[in-house]
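S.K.: So the sequence shown is residues 94 to 290, counted in our numbering.
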Amino acid sequence: MNLPNKLTTIRLIFVPLFVVIYLFPFQTLGVSIPTFDILSTQLSLLDIILFIIFFIASLTDFLDGHIARKKNMITTFGKFIDPIADKLIVNTVLLLLAYSHSISVIIPIIMIARDTIVDAIRLVASQKNVVLAASYLGKAKTMTQMIAIGILLLNNVVFDYLGIPMDQILIWLATCISIVSGVEYFMKNSQYITESM
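(1) Might you give, ordered along the chain, the residues of its own chain that have their beta carbon closer than 6 Å to the beta carbon of L138, omitting 5 neighbours on each side?
(2) Do S150 and R104 have their C-beta atoms closer together than 8 Å?
(3) Out of K281, I146, I264, which one is the CA nearest neighbour of R215?
(4) With distance defined between alpha-carbon atoms, name the residue in L230, K172, F155, G158 nearest to A267.
(5) Going straight from the alpha carbon of D212 to that of D130, what length do you get?
(6) Using the Cα positions of I177 and M259, report the straight-line distance between them to the nearest angstrom.
(7) Does the Cβ of T235 have 16 or more other Cβ atoms within 10 Å, making it buried, or fewer, making it exposed?
(8) Going by the CB atoms, is the gap between I270 and F147 shorter than 8 Å?
(9) I need the straight-line Cα distance from L96 to D157, nearest angstrom please.
(10) Drop a sphere of 10 angstroms on the beta-carbon of F107, count the other beta-carbons inside from all chains shown, and report buried for 16 or more, exposed for fewer.
(11) How is F111 classed by DSSP in three states: helix, strand or coil?
(12) Let me know the alpha helix (DSSP H) ranges lying completely inside the region 207–267, each 4 residues or longer, listed in chain order.
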């Protein structure tokens, strides 16, 4: 297994690790988690650990693709597993944030629906030997999404002190970009779906 695929595999392993740590009943079992007061924002050691896991996962997302292209290490396994790992880590975190009422459940529903539609279009196009590249709006969605999730995991630290709900602003912005990019992607590539209607 080459380095890019190892990094992708690490990202996959981080998904169940994140879930277990996020949902583990520390309070029920009487486990005390240290809490820090940073600029009037309560931040626990657990919040910091979860942020670090997500940050490393996001970093491997950037590195595996970059290394694979630069070193010509693109493999069939990498093409298969990389988008799965990306979707799993992001959508899992979004669902957990919705579960804990940190974000509206509408957000992961929209994000997952958009990704499902885009992936379906890519699948149909690939059957016609057409490779559809990610759009600039899609990349902007991913970037905004990652930053928003990071701030959410850190309880909107710093911005909360300034009275700015930056975590909610960015996650809703990412949701809006997700809708627009999904519609744009469908309109630009609808011929692959409608040609045999």
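Note that the Cβ used here is the ideal one computed from N, Cα and C, for glycine as well.
M.R.: By the coordinates alone:
(1) Start at 1 with the first residue of the sequence shown, and residue 138 comes out as number 45. Excluding residues within five positions, the ones whose Cβ falls inside 6 Å are I126, P127.
(2) For the purposes of this step, residue 150 is taken as residue 57 along the sequence shown, with counting starting at 1. For the purposes of this step, residue 104 is taken as residue 11 along the sequence shown, with counting starting at 1. Going by the sequence as given, residue 150 is Ala instead of Ser. A contact, by the Cβ cut-off of 8 Å.
(3) Here residue 215 is taken as the residue at index 122 of the sequence shown, counted from 1. Of K281, I146, I264, the residue nearest in Cα terms is K281.
(4) As a working mapping, residue 267 is identified with position 174 in the sequence shown. For A267, the nearest C-alpha among the options comes from L230.
(5) Along the sequence shown, read from residue 1 onward, the residue named residue 212 stands at position 119. Along the sequence shown, read from residue 1 onward, the residue named residue 130 stands at position 37. Computed Cα separation, rounded: 42 Å.
(6) Locating residue 177 in the sequence shown gives position 84, counting from the first residue. Locating residue 259 in the sequence shown gives position 166, counting from the first residue. About 28 Å.
(7) For the purposes of this step, residue 235 is taken as the residue at position 142 of the sequence shown. T235 should be labelled buried.
(8) On the sequence shown, position 54 is the one that residue 147 refers to. On the sequence shown, position 177 is the one that residue 270 refers to. No, these two residues do not count as a Cβ contact at 8 Å.
(9) For the purposes of this step, residue 96 is taken as residue 3 along the sequence shown, with counting starting at 1. For the purposes of this step, residue 157 is taken as residue 64 along the sequence shown, with counting starting at 1. Going by C-alpha positions, L96 is about 7 Å away from D157.
(10) As a first step, residue 107 must be located in the sequence shown, where it is residue number 14. So F107 counts as buried.
(11) Locating residue 111 in the sequence shown gives position 18, where the first residue counts as 1. Judged by DSSP in its simplified three-state form, F111 adopts helix.
(12) 229–246
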